[in-house]
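Structure first, then comments.
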Amino acid sequence: MKPIFKRGAPIEIRLFLAVVVAVGMLVADGKFATFQPLRNVLTSIVTPIQYLASLPTYFFTESSQRLRSQEELIAERDAFINEIMILREKEQRFSILESENAQLRRLLDAPVKINLPKTVAELLAVDNNPYVQQVVLNKGTLNGTFTRQPVIDDKGVVGQIVDVTPTSSRVLFITDISHAIPVRNQRNNTRYILNGSGNIDQLSLKFVPHSHDLLVGDILVTSGLGGIFPEGYPVAVIEQVTRDESRPFALVTASPLARLDSLRYVLLLGSSGVIENSNTAERPQSDLLSGANNE
Numbered sequence: 073m074k075p076i077f078k079r080g081a082p083i084e085i086r087l088f089l090a091v092v093v094a095v096g097m098l099v100a101d102g103k104f105a106t107f108q109p110l111r112n113v114l115t116s117i118v119t120p121i122q123y124l125a126s127l128p129t130y131f132f133t134e135s136s137q138r139l140r141s142q143e144e145l146i147a148e149r150d151a152f153i154n155e156i157m158i159l160r161e162k163e164q165r166f167s168i169l170e171s172e173n174a175q176l177r178r179l180l181d182a183p184v185k186i187n188l189p190k191t192v193a194e195l196l197a198v199d200n201n202p203y204v205q206q207v208v209l210n211k212g213t214l215n216g217t218f219t220r221q222p223v224i225d226d227k228g229v230v231g232q233i234v235d236v237t238p239t240s241s242r243v244l245f246i247t248d249i250s251h252a253i254p255v256r257n258q259r260n261n262t263r264y265i266l267n268g269s270g271n272i273d274q275l276s277l278k279f280v281p282h283s284h285d286l287l288v289g290d291i292l293v294t295s296g297l298g299g300i301f302p303e304g305y306p307v308a309v310i311e312q313v314t315r316d317e318s319r320p321f322a323l324v325t326a327s328p329l330a331r332l333d334s335l336r337y338v339l340l341l342g343s344s345g346v347i348e349n350s351n352t353a354e355r356p357q358s359d360l361l362s363g364a365n366n367e
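Using our numbering, read the sequence shown as starting at 73 and increasing by one per residue.
As structure tokens, then:
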């Protein structure tokens, strides 16, 4: 029985013929550029296909680079923001330190009439009792602080120490209603007793005769009487003098020169061996009055 389809040449022969044809085409194209037109046509057809095939890779690479660049920019921005915040925080601290240094310089330049030992103290706390004007300092007996020790700032007298622990002390303001301090008018040396009013910005002079030469703007300084405050420290300025003949004495109010409402640093004057009677509590107003009247 004959096969329907004739068998072709063996595979080996066909492969050999294909190789011979390919080699012949390569030789002919290499020597005579026989297939250059055909190659140009095929290249023009294949190039768009290659371009389209490369688009996903291109877009992926470009997107990755842009994403990386954006992340780097965000990281750089965050780093710059952090650096700016750190610099601003340092600037604020430097401003605070500069202000504190200026305050300390003014404090150390406060007027001192006698050569007393001096200790700089920092405010720790303010008494929450509205009827008691006291603050707590960071200096105690370990630093040589003692009761009735005078306290000033760079403007004037602040008060005196009324309680001491090894590491802290409590200051009674001159404006406290229980406090009294012997003073004199810097202009004419007339002596008075300056009393606290209970208001942090107000003091009063009691038992002032109408005939006394006392004017608004007069500066009151410590008189040195009473054994607590050395003589000559600024205390207050006269704000108002009311002479009502229906009253036995003039009404006189003054403002403290010390910045009692904004204290940060103060100066403690003297030592327990310099100021007498340092182990006694605050002297009563009656004693101060009698001492001043005896003058």
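Note that CB positions come from ideal geometry on N, CA and C, so glycine has one too.
Cβ-Cβ separation, residue j to residue i (assumed contact under 8 Å), whole Å
| i | j | result |
| --- | --- | --- |
| R263 | S295 | 5 Å |
| Q205 | L340 | Not really, about 18 Å apart at Cβ, beyond 8 Å. |
| K227 | P306 | 7 Å |
| T237 | G216 | About 13 Å; that fails the 8 Å criterion. |
| R309 | L287 | Before going on, a small fix: residue 309 reads as Val here, not Arg. At roughly 11 Å, the Cβ-Cβ gap does not stay under 8 Å, so V309 and L287 are not in contact. |
| V229 | A330 | 6 Å |
| F321 | V280 | 5 Å |
Bounding residues of the beta strand (DSSP E) (the contiguous stretch that carries residue i)
| i | result |
| --- | --- |
| E311 | 306-314 |
| K278 | 275-280 |
| L257 | For the sequence presented, residue 257 should be read as Asn rather than Leu. Residues 252-257. |
| A326 | 322-328 |
| L341 | 337-341 |
In DSSP terms, what residue i is bridged to
| i | result |
| --- | --- |
| V95 | Its beta-bridge partners do not exist; DSSP assigns none. |
| S241 | L209, V236 |
| K227 | Answer by DSSP bridge pairing: none, since K227 is not bridged. |
| L195 | L209 |
| I265 | P254 |
| V113 | In DSSP, V113 forms no bridge with anything. |
| P222 | Q232 |
Distance, residue j Cα to residue i Cα
| i | j | result |
| --- | --- | --- |
| E84 | S116 | 35 Å |
| R324 | R160 | Just to set this straight, residue 324 is Val in the shown sequence, not Arg. So the two alpha carbons sit approximately 49 Å from each other. |
| D151 | Q142 | Looking at the sequence itself, residue 151 is Ala, so the reference to Asp does not match. Taking the straight line joining both Cα atoms gives about 14 Å. |
| L87 | L98 | 16 Å |
| L145 | E170 | 37 Å |
| T195 | S327 | A small fix is needed here, since residue 195 is Leu in this sequence, not Thr. Roughly 22 Å between the two C-alpha positions. |
| I249 | S276 | 10 Å |
| F218 | A197 | 18 Å |
| I246 | V208 | 15 Å |
| S318 | D225 | 39 Å |
| I300 | L244 | 13 Å |
| L292 | S241 | 27 Å |
| P109 | R149 | 57 Å |
Helix, strand or coil at residue i according to DSSP, with G and I counted as helix
| i | result |
| --- | --- |
| V288 | coil |
| A294 | Per the sequence presented here, residue 294 reads as Thr, with Ala not at that position. Residue state, collapsed to three classes: strand. |
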